[in-house]
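Here the sequence shown stands for residues -17 to -1, 1 to 261, where the numbers follow mature numbering (1 follows the signal peptide of the UniProt record, and there is no 0).
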Amino acid sequence: MRLCIVFITSFLTGVHFQDCARRAKLYKRKPTSNNKFISIDQHPFIVGLLKTFEFALQFRCAAVIIHKKWAITTARCMASDEPSLIYRYWRVRGNTSRYEGYTDAYSDHRISSVYIHHNYVGENNSYDYDVALIKVHQLFIGLHEKPICFATGFYKYMNNSSLTLLIWKEKNINTYTSAKGELESFDVQLYNFQQCRKLYRSFGFAIPSRKLCALRLSNTECTSGWGGPLIRRGILIGLSSMGLECSADHIPWTYTKLSEFNEWILTTVYDLTIVETK
C-alpha cells in the first residue's frame, strides 16, 4: 500500500518521492520578516482564487498547485459560491507575486471541475473535512507555477516545530473594486493539538482530529486567508481553515491536516487523470 501511494504521488506531482525526501532533508528555512512581501519565485506553488467582474476582481482565497492540472484549497472556499458562478466567473491566478488590476504579469486559469470532500458540512461541524480539489482548463506551466510535495499518511507532526504560512494580503477586503494583494510569509509554530482542542472547547467549538493547530510567533495583522498553505521543510502539511479572534496571538489558528486526506486526494486526482489518458 505504501509503495502504491508513493507511485501515485510521484505520478501526480511529477516529482519522484525520493526528490521530495531530498528536498525536505536539504531544505534550509530562511527567517521571514512577518507581514512582508515575498517573491513568487520562492514559492511557485501558491495561486490565488479570484472572482472576475466586468472591470474588477474580488479575492476569494488561496490555493496550492499539486499537479499540472490540479490545485488544492479548502472546501469552505469552494462552497462559498454557486458552482455555475464559479465556472463562469472564477479564475485561478498564478505566476505572480501580487495581483493588482492588470499591471503585473500573471497566468489566469479557468476552472473546469471542483471536487469538495463528500463529508464536508461546513460550520455546523467546525469545518471538518475542509478540503477541495480544483481542476483547471489551462495547464500550470508558467515559469513560477510548480507543484509542491504534500504530506502523506505517514507524515509525523512534531509539536513546536517551525512552520511557514503563506497568504495573499488583501488591500481592500470585501469590496468589488480592483483587487490588490501581495504574497506574504509568516513564521508560525505547530501547537499541541490536545491543548488546542481544550482551548477551542472553552469557546464552544469542537476541533476534529482532521485538523492541526499553529500559533503565530509575533504580533501581526490577521492571517486568516482560507486555503493559505502551511509548510514545513518544503512540504505542504496544512491549509488555513478556521480560527478565533484573528488579532489575538495567544489563540492558534486551525488548519486542514493534509495527511488525513492523502488517500482521497491521490485517488480522486489519479483516477480522473488516468481516465483522460485512455
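All C-beta atoms, glycine included, are put in the ideal place defined by N, C-alpha and C.
On a predicted model such as this, the values are computed, not experimentally measured, just so you know.
Residue 56 to residue 187, Cα distance in whole Å? Here residue 56 corresponds to residue number 73 of the sequence shown, with the count starting at 1. Here residue 187 corresponds to residue number 204 of the sequence shown, with the count starting at 1. Whole-angstrom Cα-Cα distance: 26 angstroms.
Alpha carbon of residue 115 to alpha carbon of residue 143, nearest angstrom: Position 132 of the sequence shown holds residue 115. Position 160 of the sequence shown holds residue 143. The alpha-carbon atoms of residue 115 and residue 143 are separated by roughly 27 angstroms.
Would you mind reading off the limits of the beta strand (DSSP E) that contains residue 99? Stepping through the sequence shown from its first residue, residue 99 is reached at position 116. Element bounds for residue 99: 90 to 99.
Is DSSP giving residue 25 helix, strand or coil here? Position 42 of the sequence shown, counting from 1, holds the residue named residue 25. Of the three classes helix, strand and coil, the one that applies to residue 25 here is helix, per DSSP.
Roughly how many whole angstroms lie between the Cα atoms of residue 248 and residue 65? Position 265 of the sequence shown, counting from 1, holds the residue named residue 248. Position 82 of the sequence shown, counting from 1, holds the residue named residue 65. Residue 248 and residue 65: Cα-Cα distance of roughly 23 angstroms.
Beta bridge counterpart(s) of residue 135 as assigned by DSSP: As a position in the sequence shown, residue 135 is number 152, starting the count at 1. Beta-bridge pairing links residue 135 to no other residue.
Residue 58 (DSSP reduced to helix, strand or coil): For the purposes of this step, residue 58 is taken as residue 75 along the sequence shown, with counting starting at 1. In the structure shown, residue 58 sits in a helix (DSSP, three-state: H, G or I).
Since residue 197 contacts residue 213 with CB under 8 angstroms, what's their CB separation in whole angstroms? Numbered from its first residue, the sequence shown carries residue 197 at position 214. Numbered from its first residue, the sequence shown carries residue 213 at position 230. At roughly 6 angstroms, the Cβ-Cβ gap stays under 8 angstroms, so residue 197 and residue 213 are in contact.
Do residue 117 and residue 98 have their C-beta atoms within less than 9 angstroms of each other? Taking the sequence shown and counting its residues from 1, one reaches residue 117 at position 134. Taking the sequence shown and counting its residues from 1, one reaches residue 98 at position 115. Their beta carbons are under 9 angstroms apart, which means residue 117 touches residue 98 by this criterion.
Distance, Cα to Cα, residue 134 vs residue 148? Along the sequence shown, one-based indexing puts residue 134 at 151. Along the sequence shown, one-based indexing puts residue 148 at 165. If I take the Cα positions, the gap works out to 15 angstroms.
Selection from 180, 20, 119 that minimises the alpha carbon distance to residue 73: Position 90 of the sequence shown holds residue 73. That would be 119, whose Cα lies nearest to the Cα of residue 73.
Residue range of the beta strand (DSSP E) that residue 223 falls in? Residue numbering aside, residue 223 sits at position 240 when the sequence shown is read from its first letter. First-last of the beta strand (DSSP E) with residue 223: 218 to 225.
Leaving out five residues before and five after residue 95 in sequence, what residues of the same chain have Cβ atoms less than 7 angstroms from its Cβ? As a position in the sequence shown, residue 95 is number 112, starting the count at 1. 118, 119, 120, listed in sequence order.
Limits of the unbroken beta strand (DSSP E) element including residue 213: Working through the sequence shown from its first residue, we reach residue 213 at position 230. Where residue 213 is concerned, the enclosing beta strand (DSSP E) stretches over 212 to 215.
Residue 179 versus residue 46: straight-line alpha-carbon distance, rounded: Numbered from its first residue, the sequence shown carries residue 179 at position 196. Numbered from its first residue, the sequence shown carries residue 46 at position 63. Distance between the alpha carbons of residue 179 and residue 46 is about 25 angstroms.
Cut-off 6 angstroms between Cβ atoms - residues of its own chain near residue 174, not counting five sequence neighbours on either side: As a first step, residue 174 is located in the sequence shown; it is residue number 191 there, counting from the start. 196, 197, 198, 235, listed in sequence order.
In chain order, what residues of the same chain have a beta carbon less than 6 angstroms from the beta carbon of residue 225, not counting five sequence neighbours either side? Position 242 of the sequence shown, counting from 1, holds the residue named residue 225. For residue 225, where only same-chain residues beyond five positions count, the Cβ hits under 6 angstroms are 110, 237.
Where DSSP assigns a beta bridge to residue 174, which residues make up the other side? Counted from its first residue, the sequence shown places residue 174 at position 191. 196.
Bridge partners for residue 189 per DSSP, in chain order? Taking the first residue of the sequence shown as 1, we reach residue 189 at position 206. DSSP, once it has assigned bridges, lists no residue as partnering residue 189.
If we ignore side chains and look at the alpha-carbon of each, how far apart do residue 34 and residue 136 end up? One-based indexing of the sequence shown puts residue 34 at position 51. One-based indexing of the sequence shown puts residue 136 at position 153. Distance between the alpha carbons of residue 34 and residue 136 is about 33 angstroms.
So, for residue 141: in the same chain, excluding its five sequence neighbours on each side, which residues have a beta-carbon less than 8 angstroms away from its beta-carbon? For this step, residue 141 is matched to residue 158 along the sequence shown. Closer than 8 angstroms at the Cβ level, and outside the excluded window around residue 141, lie 173.
Flag this pair as yes or no: are the beta carbons of residue 113 and residue 251 separated by less than 9 angstroms? For the purposes of this step, residue 113 is identified with residue 130 of the sequence shown, where counting begins at 1. For the purposes of this step, residue 251 is identified with residue 268 of the sequence shown, where counting begins at 1. In this structure, residue 251 does not lie closer than 9 angstroms to residue 113 by Cβ.
Excluding the 5 residues flanking residue 79 on each side, which residues of the same chain have their C-beta closer than 7 angstroms to its C-beta? Position 96 of the sequence shown, counted from the first residue, corresponds to residue 79. The residues are 23, 87, 88, 89.
Give the secondary structure of residue 182 by DSSP, where H, G and I count as helix, E and B as strand, and everything else as coil. Counting from 1 along the sequence shown, the entry for residue 182 is found at position 199. Note: residue 182 maps to helix in three-state DSSP.
What do you get for residue 41, buried or exposed, if any count of 16 or more other CB atoms within 10 angstroms of its CB means buried? If you number the sequence shown from 1, residue 41 lands on position 58. Residue 41 should be labelled buried.
Answer with buried or exposed for residue 185, where buried requires no fewer than 16 other C-beta atoms within 10 angstroms of its C-beta. To locate residue 185, count along the sequence shown from 1; it is residue 202. Under this definition residue 185 is an exposed residue.
Hey, could you find the ends of the beta strand (DSSP E) residue 116 is sitting in? As a working mapping, residue 116 is identified with position 133 in the sequence shown. Segment 115 to 119, the beta strand (DSSP E) holding residue 116.
Can you tell me whether residue 150 is helix, strand or coil according to DSSP? By one-based count along the sequence shown, residue 150 stands at place 167. Residue state, collapsed to three classes: strand.
Using the three-state DSSP reduction, which class does residue 243 fall into: helix, strand or coil? As a working mapping, residue 243 is identified with position 260 in the sequence shown. Residue state, collapsed to three classes: helix.
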